[in-house]
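Since the structure comes first, as structure tokens, the remarks are kept for the end.
Here it is, written out as structure tokens:
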């Protein structure tokens, strides 16, 4: 499937476009630590989606994307606790991540079903 038509890719890319400017408002002392880790985690999710879309056996990539998504939830919650991320932005991020998680979950179920029929 072409990436520009792949909904989970589009939603994750849009989330990244929203999030990167948000992390630039983190305190200067955290921009190269916490903010960079958050940004790298989003990039890891996007990378797993791109690789999974191209791979014959997609399941490991979908699982990696879901694992990285869980890590991102934790990192963003920590940023909110530290008050680097205000409540409104945290809620927006959580809503977007929840949608991405549902899309990844659907992809995971489709991959599991396909592997069950092939295997």
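Residue numbers (full-length UniProt numbering): 1 to 119.
All C-beta atoms, glycine included, are put in the ideal place defined by N, C-alpha and C.
Since this is a predicted model, take the numbers as computed values, not measurements.
A distance of 8 Å or more separates the beta carbons of residue 69 and residue 19. 39 is the residue among 39, 8, 9, 15 whose C-alpha sits nearest the C-alpha of residue 23. Assignment of residue 29 by DSSP, reduced to helix, strand and coil, places it in the helix class. Closest by C-alpha distance to residue 59, out of 112, 3, 5, 21, is 112. Under the three-state reduction of DSSP, residue 56 is assigned to coil, being neither helix nor strand.
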